[in-house]
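Chains as they are written, first to last, in our numbering: chain A, 2 to 251; chain B, 46 to 497; chain C, 468 to 818.
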């Protein structure tokens, strides 16, 4: 007995056993298939406040669901599921499960800010998209994306030394994303650099790679930046009700 | 125009009633006052959108278009009140059993309980074979309805009920049809509305019934009321109580009101201020309360069972999921129900027979499900196996019987020995089976009937 | 010309306003009130703080009552109704239920409305579950000082749902009008609950929100921005109970998914019905009702506050759902219409 309207049922709601025997009766497949309910049974009452606590989400409570953000949206024009208006509703009402269904699409925002320009309630939907992506990461709903890892390596280096050494960023980025250091495009770029750059500059590049130069008197700035980041991190984790070890680190 | 002084409160029609001599305007005022104050649903009365189809029926009869099969004194009617406070006559005697396909096929204890209760009250009835399926299962299941055929079948069956008594030498109209099945009940009420509204449909049906010889004086025969057996049980509940031998006081019952009994054509459904303040359909609930059981409300009371007509055949995944998640689980978890009582074929089947497969997803509830008439028969001492035939039910019922103080092991042993008798050709019947045949080659006119 | 005599029926905001205005303009007023005290719905039903002033009803409307009760030119009949009314503009004669006969040049009907009786919608659980209450009951919880508590066991509700359009915009029960004030009143109540019970969550289930005019800011938005009241686009189908809490069932129309959400308390924003006595009132005063059962207004361009009978005027919620402020304005407007009619009985605006 097939489910005729299977396309209308969310795949995760179909509970099926390809092989099952109950009390001596073969009930494999359709004979024991169940359809889970799609009823919403509760709200996450903290969700709006959590998003609002993250940078960009401050004005989410102003939204009245006019749809101006979605109808001007660059991404919505090609991806129907990218719908800021809808996500803002889900967040405001606390329909977390429904939002999580779109966690892999949400980061597609191109930050064109057409929505920011058009929103009659000054919600700043682009900011809400950022805050929501941030929220998903903090809560551990999305694994770190390559760009997040790159960003972290880049930032950590600056925090540590006040300077960026591209070679080191690349090496660490490849290491933490499990990529080989020897990549054809990289090799050809290095060969190009070696053959074209003046010797003096090459020497300085080599020295920087070995010695890790720092900005002068950086330690004071580093302490201030680290302090600020930790403070902000703690505040965000507190706002999201995360205990130590829960969710992901930033 | 002389103005009459108001004489204080409107006193109604008590024993000291005398004509008030109100002017028409005052009478209107008094009526408005009564409707506003007394009947809280009165606001619906006189609204264009709510029509009492019976009024159209009387008009058509007056115009000579149809004949109405009336509920007469021999049917000993009891008057019940429906959703808007209208009256509905429920016949209690001289009944013609309009059987249910699914009951006879799936839940044989269902019709046998009805007949057994009628025997107990000495009610005159006819359970004859000359009737057909209403075919409404196909209508709802396929979504392809042929209204002409459905309406013709409706009137064909009810015509047979009307003339059936002639086989016993009794006048036409002696037996009044009592519909066992909720699907038929809803369908017949729907078809009656179409028939009353469409002259074209009446004409087409008249042609068909003419060929079958099933017109009365060349006219369509329409029943005064379309009556479901659960309505009969409801108005009989106090008499059933007099025959009760099993104490139901510590029983927590949940009710499943059938969609096609009380949601379809809602204006024809019985509500009773003494049954849950009139906030729930009265049938089944009123009976269970009268028998002393505790009827427990639960959050999915209004919900469908999941039968769905097409779904029970072609999409059981939907049916079983809905039945367990929305009804059985809730009745057990919320209401801690000992038994769920229904009043329609499809619902009992769905709610009962879909429970077993729940163990595929670790949803094992084992809630006994049965019809109100089966429960009433048990309460009056009917045999749980021979008569109520609970062994056909898929959900276990032994704990329930223990709670009712019925020794099911002894009953089972009796039944097993009775089965040997059946195998030897010795079986009991609820009535002389020859009476089921009222025409054709096997028909034998009964002596007693001729005298009646 | 001797001083004019005007009969005012009903002493809610409109009636108090009309009586005061007429007396101030030199008329003698007979004020007839069915109840045993003046003030109409805000007083009799125990409203708390009024929209938009946030003043307590007992102070605001109480002040209007005191002003009328202290006026020598106003003759007050409490616990009385008009039983018979005959004559024409400038020469009416009214017989009251207390036996008195009053002469009047004109009459102003300020007979108000009746709160919708929620038992007419059994699927929403009023009268079945004690924790399903109406906006009027919540007003009384505030005005009595008892605070918002679940009637079943006196507990403080964690989660409150307010259902809009109960007894409004509903063909099923023959009420096809918008009751106009319930959205704003509900937003007001929601804010009051959040103020009184900061740990509670308040949800408003709506089809549309009609906090019209300037109420948009201080009610619709303030309730969301300052008080974190949630608005959910869903008309609730059913209120049930799981034996512990109330269960709201409906469709979240923006998510297109069914909801069955638990709540401690459900508040029904009941609409405004025509006064339950309107059929009687219409036959006594010889005026027409509109198709909804409210008092039919004469075309507003010729005389504001007119009815179908010359000399009989109307103000406030007798003609349809109305706010307190507008009822007061209409009371004064009807007073002017009465004075004008007695000087220039027949003059059409269109001429």
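All C-beta atoms in this analysis are idealised placements derived from N, C-alpha and C, irrespective of residue type, glycine included.
Model, not experiment: these values are computed from the prediction.
Chain order gives no chain B residues near residue 175 of chain A, where near means a beta carbon separation below 9 Å; the closest approach is about 46 Å. Near chain C, meaning a CB-to-CB distance below 9 Å, the residues of the stretch 371-386 of chain B are 375, 378, 379, 380, 381.
The three-state reading of DSSP puts residue 251 of chain B in helix, counting H, G and I together. By the 16-neighbour rule on beta-carbons within 10 angstroms, residue 118 of chain A is exposed.
Residue 134 of chain B and residue 192 of chain B have their C-alpha atoms spaced approximately 27 Å apart.
In the structure shown, residue 694 of chain C falls within a coil segment according to DSSP collapsed to helix, strand and coil. Its Cα nearest to that of residue 50 of chain A, the residue A:92 stands out among A:92, A:32, A:81. Per the DSSP secondary-structure output, residue 555 of chain C pairs in a beta bridge with C:558. Taken through DSSP and simplified to helix, strand or coil, residue 394 of chain B comes out as helix. Restricting attention to C:477, C:670, C:556, C:665, the CA atom closest to the CA of residue 810 of chain C is found in C:556. Annotation for residue 297 of chain B: 339, 341, 380, 381, 382, 383 place their beta carbon closer than 7 Å to its own, counting only its chain and skipping 5 residues before and after.
By the criterion of at least three beta-carbon pairs nearer than 8 Å, the stretch 66-80 of chain A is not in contact with the stretch 155-162 of chain A. Separation of residue 792 of chain C and residue 240 of chain A (C-alpha to C-alpha, rounded to the nearest whole angstrom) is 43 Å.
Distance from residue 212 of chain B to residue 222 of chain B at the Cβ level is roughly 15 Å; contact not present, criterion being Cβ atoms closer than 8 Å.
From the listed residues C:623, C:706, C:653, the smallest Cα separation to residue 666 of chain C is found for C:623. Cβ-Cβ separation between residue 60 of chain A and residue 125 of chain A: approximately 5 Å, consistent with a contact (criterion under 8 Å). Only buried fits residue 745 of chain C, as 16 or more other CB atoms lie within 10 angstroms of its CB. Inclusion of residue 154 of chain A and residue 213 of chain A in the CB contact set at 8 Å is not warranted, their separation being larger than that value. Residue pairing from DSSP places residue 132 of chain B in a beta bridge opposite B:126. Contacts with chain C at 8 Å (Cβ-Cβ) include residue 342 of chain B.
Below the 8 Å Cβ cutoff, chain C contributes 589, 594, 595 as neighbours of residue 324 of chain B, in chain order. Of all C-beta pairs linking the stretch 469-486 of chain C to the stretch 468-483 of chain B, fewer than three are shorter than 8 Å, placing the two stretches out of contact. Taking the C-beta atoms as reference points, residue 326 of chain B is found nearer than 8 Å to residue 302 of chain B.
By the rule that beta-carbons nearer than 8 Å mark a contact, residue 346 of chain B touches chain C. Contact check for residue 629 of chain C against residue 653 of chain C passes: the beta carbons are separated by less than 8 Å.
Contact annotation: in the stretch 691-723 of chain C, residues whose CB is within less than 7 Å of a CB in chain A are 691, 692, 697, 699, 719, 721, 722. Taking the Cβ atoms as the reference, residue 156 of chain B lies roughly 6 Å from residue 225 of chain B, within the contact range of under 8 Å. Around the beta carbon of residue 438 of chain B, 16 or more other beta carbons lie within 10 angstroms, which makes this residue buried. Among the bridge pairs identified by DSSP, residue 144 of chain B is matched with none.
Judged by DSSP in its simplified three-state form, residue 35 of chain A adopts strand.
If only uninterrupted beta strand (DSSP E) runs of at least 3 residues are considered, those enclosed by the stretch 157-237 of chain B are 221-224. Shown in chain order are the members of the stretch 91-102 of chain A whose Cβ falls below 9 Å from a Cβ of chain C: 91, 93, 94, 95, 96, 99. Interface annotation for the stretch 56-90 of chain A against chain C: 62, 63, 66, 87, 90, criterion Cβ-Cβ distance under 8 Å. For residue 11 of chain A, the number of other beta carbons within 10 angstroms of its own is below 16, and it is reported as exposed.
For residue 142 of chain A, there is no enclosing beta strand (DSSP E), as DSSP marks it with neither H nor E. DSSP, read as helix, strand or coil, puts residue 299 of chain B in strand.
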